[in-house]
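For any residue, its number in our numbering is found by taking its place in the sequence shown, counting from 1, and adding 11. By construction, the Cβ of each residue, glycine as well, lies at the ideal position given by its N, Cα and C atoms. The structure appears below as structure tokens.
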Amino acid sequence: MEFKKEPQPQGTFECELCGLTAPYSYYGQKPPNAYSAALLEESYVMKDPFTSDKDKFLILGAQCSLCHKCVCVGTDCSLFYSKRFCLPCVTLHIQEFPLEIKQDLEKKTHSKSQPSKKRDSRDSKNP
């Protein structure tokens, strides 16, 4: 009788941009127990801690294909467009990306620079 062990942590993943840290159990394109999944990039992967299903996993991050920094998959740190790119490299090479990527990046930087000005309706009556 053969049974599979739980993947043990191999090390600690750390995003070089935001500082996110998490233990990873696999690095590569074919996570263990994920028979039908093949990732498009070499990724840091951990077993999904929110489920008992051993076939479920979370992708933590990967290396930027330009500068090779280790970055998480968070939208504030990187994007995947045929390869993983950190946002600083996207900004530096923005002219080489499609218009949709440029527009998304502009929206993101514009929304971060504009503070939210939601006001309560009572505020307008009392200055």
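Fill in: Candidates D66, K123 and E25: closest to G72 by CA position
E25
Discussion item. Can you give me the C-alpha to C-alpha distance between K113 and A33, rounded to a whole angstrom?
Written reply: 30 Å
Discussion item. Counting C-beta neighbours from all protein chains within 10 Å, is the total for Y35 16 or more, i.e. buried, or is it exposed?
Written reply: buried
Worksheet item: Given that a residue counts as buried once 16 or more other Cβ atoms are within 10 Å of its Cβ, and exposed if not, what is P60?
Response: exposed
Worksheet item: Candidates P109, M57 and G30: which alpha carbon is nearest K80's?
Response: G30
Discussion item. Just verifying my parser: in three-state terms, what is the DSSP assignment at S132?
Written reply: With a pLDDT of 47 at S132, under the threshold of 50, the predicted position of this residue should be treated as unreliable, though the coordinate-derived value follows. If DSSP states are grouped into helix, strand and coil, S132 belongs with coil.
Worksheet item: What is the DSSP secondary structure of C100, reduced to helix, strand or coil?
Response: helix
Practice prompt. Going by DSSP, name the residue or residues bridged to L69.
Written response: M57
Worksheet item: To the nearest whole angstrom, what separates the beta carbons of E108 and V101, a pair I think is in contact under 8 Å?
Response: Strictly speaking, residue 108 in this sequence is Phe, with Glu absent from that position. That pair is a contact at about 7 Å.
Worksheet entry | Same chain, Cβ closer than 7 Å to F68, neighbours up to 5 away in sequence not counted | P42, A45, V56, M57, K58 and D59
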